[in-house]
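Counting the sequence shown from 1 gives a position; our numbering is that position plus 169. Below is one structure; the comments refer to it alone.
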Amino acid sequence: MGRKFFVGGNWKCNGTTEEVKKIVAILNDAKVPSQDVVDVVVSPPFVFLPLVQSLLRSDFHVAAQNCWVKKGGAYTGEVSAEMLVNLGVTWVIIGHSERRALLGESNEFVGDKVAYALSQGLKVIACVGETLEQRQAGSTVDVVAAQTKAIAERISDWTNVVVAYEPVWAIGTGKVATPAQAQEVHFELRKWLKENVSAEVAESTRIIYGGSVNGANSKELAGQPDVDGFLVGGASLKPEFVDIINSAT
Ligand code: PEP
170 MGRKFFVGGN WKCNGTTEEV KKIVAILNDA KVPSQDVVDV VVSPPFVFLP
220 LVQSLLRSDF HVAAQNCWVK KGGAYTGEVS AEMLVNLGVT WVIIGHSERR
270 ALLGESNEFV GDKVAYALSQ GLKVIACVGE TLEQRQAGST VDVVAAQTKA
320 IAERISDWTN VVVAYEPVWA IGTGKVATPA QAQEVHFELR KWLKENVSAE
370 VAESTRIIYG GSVNGANSKE LAGQPDVDGF LVGGASLKPE FVDIINSAT
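What follows is the structure, given as structure tokens:
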């Protein structure tokens with residue numbers, strides 16, 4: 170069986186109650202393929218999770234943008250995986266490049282977070298991706314392999330993991346990877362999974378692309394054999410997110 174298309178919307182640190190209600194209203198009215206064809210997961214900031222959960226159509230799901238690396242406790246300002254489960258949140262984004270770069274999250278820390286979130290029953294969108302300097306130095310595949318290895322060393326079951334390949338140079342810049350560039354890295358990531366985890370995991374794990382995806386470029390990217398969907402930032406706050414979801418078919 171083929172891999173089900175996956176479209177995630179990362180709202181980042183954006184939105185007011187009124188804006189959130191408007192986005193949800195657009196999503197609730199949207200005509201999109203059924204859940205059998207595409208998983209749609211939107212990721213509002215923590216404070217809006219209950220609101221979005223209460224308003225959002227039941228065939229779409231909600232993700233947090235982060236969670237703490239271990240059981241909650243004396244970790245001021247953090248939100249634990251247990252709390253997300255308690256709220257009924259099913260997904261979490263881990264290892265986004267903004268957190269890696271701005272908050273110093275290392276490959277190992279991201280791997281620990283993925284393992285802990287999975288152990289608590291969350292599904293994980295695990296982000297990997299190279300900077301422009303790393304790409305120009307020819308080390309893209311080594312970088313994403315090292316990021317993936319740190320996860321692979323800490324988990325044994327990939328069923329609830331979606332890997333998001335998000336080149337840092339493409340995030341929020343308007344410089345989308347070409348379909349060929351995306352396909353090349355997705356192919357290498359799948360090969361890495363095959364050689365280092367298993368053929369089954371390589372075949373079944375969804376690898377989605379993120380970085381300046383919009384309603385105009387999503388269809389061609391979606392046509393690449395190893396591109397199983399998208400993680401969308403800026404455009405997930407706009408009506409064109411519906412067009413991106415519709416690039417599933
Ligand atoms: C992201 O933040 O995950 C992202 C891909 O952002 P954008 O679509 O805005 O480049």
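Cβ coordinates follow ideal geometry from the N, Cα and C atoms, glycine included. Source: prediction; values computed, not measured.
- [ ] Within its chain, find whatever has a CB closer than 6 Å to the CB of Gln-234; leave out the 5 residues flanking it on each side and keep chain order.
- [x] Ser-212 and Ile-262
| Own chain partners of Asn-329 with C-beta closer than 8 Å, once the 5 adjacent residues on each side are dropped | Leu-287, Leu-291, Lys-292 and Val-293
### Contiguous beta strand (DSSP E) assignments of at least 3 residues, all confined to the stretch 226-260
229-233
Does the beta-carbon of Gly-290, which I'm using as the reference point, lie nearer than 7 Å to any heavy atom of ligand 1? no
**Report entry** Closest by C-alpha distance to Ile-414, when choosing among Asp-208, Leu-256, Ala-194 and Asn-179
**Finding:** Asp-208
Review point. Does the Cβ of Lys-181 lie closer than 7 Å to at least one heavy atom of ligand 2?
Key: The model depicted lacks ligand 2 and carries ligand 1 instead.
Should Val-221 and Asp-281 be called a contact, given that it needs their Cβ atoms to be closer than 8 Å?
-> no
**Study point:** Local Cβ density within 10 Å of Cys-182, reported as buried at 16 or more and exposed below that
**Key:** exposed
My output table needs one value for Val-370: the three-state DSSP class, helix, strand or coil. helix
Could you name each continuous beta strand (DSSP E) segment of 3 residues or more that falls completely within the stretch 308-370, going from the start of the chain to the end? 330-334
Bridge partners of Cys-296, per DSSP? Ala-333
So, for Glu-277: in the same chain, excluding its five sequence neighbours on each side, which residues have a beta-carbon less than 8 Å away from its beta-carbon? Ala-319
Report task. Taking Thr-300 and Trp-338 to be in contact with their CB atoms under 8 Å, please state how far apart those CB atoms are, rounded to whole angstroms. Result -> 7 Å
N- and C-terminal bounds of the alpha helix (DSSP H) containing Ser-387
387-391
- Message: Nearest by alpha-carbon distance to Ala-270: which of Cys-296, Ala-284 and Asp-205 is it?
- Response: Cys-296
request  = Assuming Ala-404 contacts Phe-410 (C-beta within less than 8 Å), just tell me the rounded distance between them.
outcome  = 6 Å
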